[in-house]
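Inspection log for the structure reproduced underneath, given as structure tokens.
There are 2 protein chains.
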Amino acid sequence: MKEVAIGIDIGGTNTVLGVVDKKGNCIAKDSIVTCGYGSVDKYIETIAEKIKELLSAIGTQCKVKGIGIGAPNGNCKRGTIEYAPNLKWKGIIPISESLCKYFDFPVLVTNDANAAAIGEMVYGSAKKMKDFIVVTLGTGLGSGFVSGGKLLCGHNGFAGELGHTIAVIDGRSCGCGRKGCLETYVSATGITRTVIEMLGKNKTKSILRNYSNSNINSKRIYEAALQKDKLALEAFEFTGKMLGLKLSDTVAITNPEAIFLFGGLAKAGDLIFKPTKEAMDNNMLNIFKNSCALLPSGIDENNAAVLGAASLIWKANDM
Amino acid sequence: MKEVAIGIDIGGTNTVLGVVDKKGNCIAKDSIVTCGYGSVDKYIETIAEKIKELLSAIGTQCKVKGIGIGAPNGNCKRGTIEYAPNLKWKGIIPISESLCKYFDFPVLVTNDANAAAIGEMVYGSAKKMKDFIVVTLGTGLGSGFVSGGKLLCGHNGFAGELGHTIAVIDGRSCGCGRKGCLETYVSATGITRTVIEMLGKNKTKSILRNYSNSNINSKRIYEAALQKDKLALEAFEFTGKMLGLKLSDTVAITNPEAIFLFGGLAKAGDLIFKPTKEAMDNNMLNIFKNSCALLPSGIDENNAAVLGAASLIWKANDM
């Protein structure tokens, strides 16, 4: 009988559910609107119903090994979602415990970046690696650390907040209430802030001057850079430099064999990889020089989040 | 039969050997001059002889479980000492392999800070902890990370170089060839550099003006601070602030339940703990606030290095 895992990706807008086999094939998939439910109990009940529908659709030829959940502020130690800023339910949601009531297989939870890291190990380009980092570059900057083949969870299950290490003392205001966090520079919103700052600071000609500030976004910066727009190219250079500097510090702490970049900004390819790699090389402590590869994620992008969530089940003993 | 481990602390000047039981009692101890041997083979041969002498002195009532070595640039994955700047033998010394030829029990190697971390877990104040960091404040700044109960080694066995993360971009020149490394600010030599800078920069009255620059050291700064010397107190404040800032970043990555300060500078007590704690609190990401204790090491200082080295043997499965 074929073994499968259920992966659930909880986002601020949608919740996507998928049934995934060991090879990373997404056999069945569905989604619901995350904020479409009055109470968190009703939301979880609906997830349970959807899972049952998916399982009855694929028939009895599969054996379900468990449910893996990737969620904002998902806590891998406690099976909870804690104070997620982009979910309407505040406080601590005991999602593992609640969902367990409907099924007799394990329910594991972690945050999106940790799910991406485990996903990379199970389905992506880190299959043979034991020490690596996945950096997710989306609206914010997330990171998942794998060390000695195991997810680095930390004492409270919140390890891997690289996006909230300080890149610039007294730098840009961050949503976390502090200043200068890496994600205020290196993320889709970070590069947008960089461009807006640059547009104000200098008079470089730029396609991006045609947009109002509120209409500038990372996609448009990317498109401008492809057209050799000087200001857009400089913004990518700066973003990569900020990321590379912090990554060389991070390598000094955890000594990984590779760092994977994942998410929207990573798709800019050389525009982001080149300056990041350069800054890493220039700032790396001697003993780590050329010891850590900077690589794109090897996960199929369409189902990445669901695959990452499902992968928790195959690595249940390594969390 | 009583089980014992042999701990060897290799320093630039002396090599100390001790036979240690599970409770941390150092039953027998000896030392040799590290640089007193022409070849590394002769040095290792002498270590082997000293071990045999120690073992014959304690008689046959003990069962030796293994040899643990703490050494500068000791590599826990390869059992080697690699390019240690303060040893006269350059290149890679395969010390584990060489010493194994003389004995039929395992020989484990790691660097001083990792040995201190394992020592803290076996004999010190981290006995019940699974996620913590030990920061050693000596001539330089070393660190050992324990995560999920296991030493964080990294891909090449060089994890834990917190002293060489960048505290100030384009800051003080470091022995590693780069600039602004944390250890150029936070260490015995770091605080000395701070004081010398301060003496040049301002005209604050200070006992320390009575010394030539080359006679200022961390001990004298400590004594001046005890006498409420304003400049010395400011130097401790600054040092603690630099350390605390970096520690709050480090907490965001590995989420430890405690950070232990160990070594000369840590003995200054509140002078260093208070400003460090304050800077940690002020810069900590919300989810980590009050989650990480800052503590003095609980290891008996006299035999700390030998205990740390010996402790590797009791945690051999966690490396």
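Chains A and X, in that order, give the protein sequences. Sequential numbering of the first sequence, starting at 1, is according to my numbering. Sequential numbering of the second sequence, starting at 1001, is according to my numbering. Beta carbons: idealized from backbone N, C-alpha and C, even for Gly.
Alpha-carbon to alpha-carbon, residue j and residue i
| i | j | result |
| --- | --- | --- |
| X/Trp1314 | X/Val1122 | 7 angstroms |
| A/Arg78 | X/Phe1158 | 31 angstroms |
| A/Lys274 | A/Ala266 | 11 angstroms |
| X/Ile1287 | A/Glu53 | 37 angstroms |
| A/Asp300 | A/Asp249 | 29 angstroms |
| A/Ile10 | A/Thr110 | 11 angstroms |
| A/Thr136 | A/Arg220 | 20 angstroms |
| X/Gly1180 | X/Val1195 | 17 angstroms |
| A/Ala309 | X/Tyr1102 | 50 angstroms |
| A/Gly66 | A/Lys246 | 36 angstroms |
| A/Met284 | X/Trp1089 | 25 angstroms |
| X/Lys1203 | X/Asn1215 | 19 angstroms |
| X/Ala1057 | X/Asn1303 | 19 angstroms |
| A/Val107 | A/Tyr43 | 16 angstroms |
| A/Lys340 | A/Leu87 | Residue 340 of chain A lies beyond the range of chain A shown here (1 to 319); nothing can be said about it. |
| A/Gly244 | X/Ser1031 | 44 angstroms |
| X/Leu1141 | X/Ser1218 | 14 angstroms |
| A/Ser173 | A/Thr184 | 7 angstroms |
| X/Thr1254 | A/Thr60 | 42 angstroms |
| A/Ala5 | A/Ala167 | 38 angstroms |
| X/Leu972 | X/Gly1263 | A question about residue 972 of chain X goes unanswered here, because the residues of chain X that appear run from 1001 up to 1319. |
| X/Ser1143 | X/Asn1114 | 7 angstroms |
| A/Val19 | A/Cys153 | 25 angstroms |
| X/Asp1104 | A/Gly148 | 27 angstroms |
| X/Glu1120 | X/Ile1272 | 20 angstroms |
| X/Ile1118 | X/Ser1311 | 6 angstroms |
| X/Lys1228 | X/Ile1191 | 16 angstroms |
| A/Leu261 | A/Cys35 | 29 angstroms |
| A/Lys289 | A/Asp281 | 7 angstroms |
| X/Phe1238 | A/Gly240 | 31 angstroms |
| A/Ser187 | X/Val1033 | 54 angstroms |
DSSP beta-bridge partners of residue i
| i | result |
| --- | --- |
| A/Asn14 | A/Val33 |
| A/Phe132 | A/Val146 and A/Ala258 |
| A/Gly163 | None, per the DSSP bridge assignment. |
| X/Ala1005 | X/Val1020 and X/Gly1066 |
| A/Leu321 | Nothing can be reported for residue 321 of chain A: it is not among the residues displayed for chain A, which extend from 1 to 319. |
| A/Ala28 | A/Val19 |
| A/Leu151 | A/Val146 |
| X/Lys1230 | None, per the DSSP bridge assignment. |
| A/Lys179 | A/Ser173 |
| A/Leu108 | A/Gly68 |
Terminal residues of the alpha helix (DSSP H) in which residue i lies
| i | result |
| --- | --- |
| A/Thr194 | Ala188 to Lys201 |
| X/Ile1169 | Run containing X/Ile1169: none; DSSP gives neither H nor E here. |
| A/Gly91 | Taken as a continuous stretch (DSSP letters only), A/Gly91 belongs to no alpha helix (DSSP H), as it is neither H nor E. |
| A/Glu120 | Asp112 to Tyr123 |
| A/Glu223 | Ser218 to Leu226 |
| X/Asp1313 | Going by the sequence as given, residue 1313 of chain X is Ile instead of Asp. From DSSP, the alpha helix (DSSP H) with X/Ile1313 extends over Ala1304 to Trp1314. |
The beta strand (DSSP E) enclosing residue i, as first and last residue numbers
| i | result |
| --- | --- |
| A/Ile81 | Thr80 to Glu82 |
Cβ-heavy atom distance, residue i to the ligand HEM, below 7 angstroms
| i | result |
| --- | --- |
| A/Cys35 | Ligands are entirely absent from the displayed structure, and the ligand HEM is therefore not among its contents. |
>> Please give the ranges of any alpha helix (DSSP H) in the segment 1041-1078 of chain X, keeping only runs that are unbroken, at least 4 residues long and fully inside the region.
In response: Listed in chain order, there is nothing to give.
>> To test your reading of the DSSP string, which unbroken beta strand (DSSP E) runs of 3 or more residues are found completely within the segment 1239-1300 of chain X?
In response: Assignment of beta strand (DSSP E) within the segment 1239-1300 of chain X, counting only whole runs of 3 or more residues, yields 1258-1262 and 1293-1296 in chain order.
> Taking a cut of 8 angstroms between CB atoms, which residues from the segment 254-288 of chain A lie near chain X?
Replying inline: Within the segment 254-288 of chain A, the residues whose Cβ lies closer than 8 angstroms to any Cβ of chain X are, in chain order, Thr254, Asn255, Pro256, Glu257, Asn283, Leu285, Asn286, Ile287 and Phe288.
> What residues in the segment 1149-1162 of chain X bring their beta carbon closer than 8 angstroms to a beta carbon of chain A?
Replying inline: Taking 8 angstroms as the Cβ-Cβ cut-off against chain A, the residues of the segment 1149-1162 of chain X that qualify are Lys1150, Leu1152, Cys1153, Gly1154, His1155, Asn1156, Gly1157, Phe1158, Ala1159, Gly1160, Glu1161 and Leu1162.
>> What are the residues in the segment 175-195 of chain A lying within 9 angstroms of chain X by C-beta distance?
In response: Going along the segment 175-195 of chain A in chain order, one finds Cys176, Gly177, Arg178 and Cys181 with a Cβ nearer than 9 angstroms to chain X.
>> To be precise: take each residue of the segment 1234-1246 of chain X, compare its Cβ to all Cβ atoms of chain A, and keep it if any distance is under 8 angstroms. Which residues remain?
In response: Flagged, chain order: Leu1245.
>> Under 9 angstroms, CB to CB, which of the residues in the segment 111-127 of chain A have a partner in chain X?
In response: From the segment 111-127 of chain A, no residue has a Cβ closer than 9 angstroms to chain X.
>> Any C-beta of chain A within less than 9 angstroms: which residues of the segment 1130-1150 of chain X qualify?
In response: Flagged, chain order: Lys1130, Asp1131, Phe1132, Ser1143, Phe1145, Ser1147, Gly1148 and Lys1150.
> Quick one, which residues of the segment 289-309 of chain A are near chain X if we go by CB-CB under 7 angstroms, in chain order?
Replying inline: Flagged, chain order: Ser291.
> According to a CB-to-CB cut-off of less than 9 angstroms, which residues of the segment 1057-1086 of chain X neighbour chain A?
Replying inline: If the cut-off is 9 angstroms between Cβ atoms, the segment 1057-1086 of chain X has Asn1073, Glu1082 and Tyr1083 near chain A.
> Residues in the segment 21-53 of chain A with C-beta within 8 angstroms of chain X's C-beta atoms, listed in sequence order?
Replying inline: Shown here is that no member of the segment 21-53 of chain A has a Cβ falling below 8 angstroms from a Cβ of chain X.
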